[in-house]
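In my numbering, the protein residues as written are 52 to 260.
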């Protein structure tokens, strides 16, 4: 356990600039999404608000298919992990990886911004119960996976200029780390399917009213 802790600390200390870059890009995407939600035209905002209000009004009466929700969430999360893993294996995908992380942040920021703008104080409740639970697992895994992808992609660039640079040890470490990220994505998907809907149901009455 101590050796594993030291290994994780050493890996973080070595890659902290990349963690900073990925976290910064994700934060920038969240901020851009938040601003985008608050700059919607009145007609667009009203249409989204009407759709959300209808959904919340029906939420307490419907019994969603949790298995289908789990499959959809699992597919989306594992697809995210697979995309990041494949991008890490190619040098030319490095800018695309940052763009991908930015887009994921934008979607999250737009959701947060829209709920906060439409429901004010009540929006904090729905944010806590419908956005926070699964993102507690998803966002850190996204940052770690994105950093690992960048790190291995940079290793391939280094290999391009120096053929003596070993790649296989890095590939094994990268694959194992991404497998761990996939496991956390799986946990986030199960939380999104089986925990978040129940918490959201409790807040639906307040927000629908």
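Every residue, glycine too, gets a C-beta built ideally from N, C-alpha and C.
Can you say whether residue i is buried or exposed, counting buried as having 16 or more other CB atoms within 10 angstroms of its CB?
{"i": "residue 198", "result": "buried"}
{"i": "residue 212", "result": "exposed"}
{"i": "residue 216", "result": "exposed"}
{"i": "residue 122", "result": "exposed"}
{"i": "residue 89", "result": "exposed"}
{"i": "residue 85", "result": "buried"}
{"i": "residue 147", "result": "exposed"}
Does the beta-carbon distance from residue i to residue j come in below 7 Å?
{"i": "residue 159", "j": "residue 81", "result": "yes"}
{"i": "residue 127", "j": "residue 239", "result": "no"}
{"i": "residue 161", "j": "residue 75", "result": "no"}
{"i": "residue 152", "j": "residue 77", "result": "yes"}
{"i": "residue 139", "j": "residue 189", "result": "no"}
{"i": "residue 184", "j": "residue 226", "result": "no"}
{"i": "residue 221", "j": "residue 205", "result": "no"}
{"i": "residue 232", "j": "residue 194", "result": "no"}
{"i": "residue 163", "j": "residue 250", "result": "no"}
How big is the Cα-Cα spacing for residue i and residue j?
{"i": "residue 119", "j": "residue 131", "result": "18 Å"}
{"i": "residue 65", "j": "residue 92", "result": "45 Å"}
{"i": "residue 192", "j": "residue 201", "result": "14 Å"}
{"i": "residue 124", "j": "residue 244", "result": "7 Å"}
{"i": "residue 230", "j": "residue 252", "result": "33 Å"}
What whole-angstrom Cβ distance do residue i and residue j have, given they're in contact under 8 Å?
{"i": "residue 165", "j": "residue 99", "result": "7 Å"}
Practice task
Just list the beta strand (DSSP E) runs in the region 66-97, keeping only unbroken ones of 3 residues or longer that don't cross its boundaries, in chain order.
Solution key: none
Exercise for the section: May I have a chain-ordered list of the alpha helix (DSSP H) segments no shorter than 4 residues that lie completely inside the region 116-193? Expected result: 117-139, 145-181
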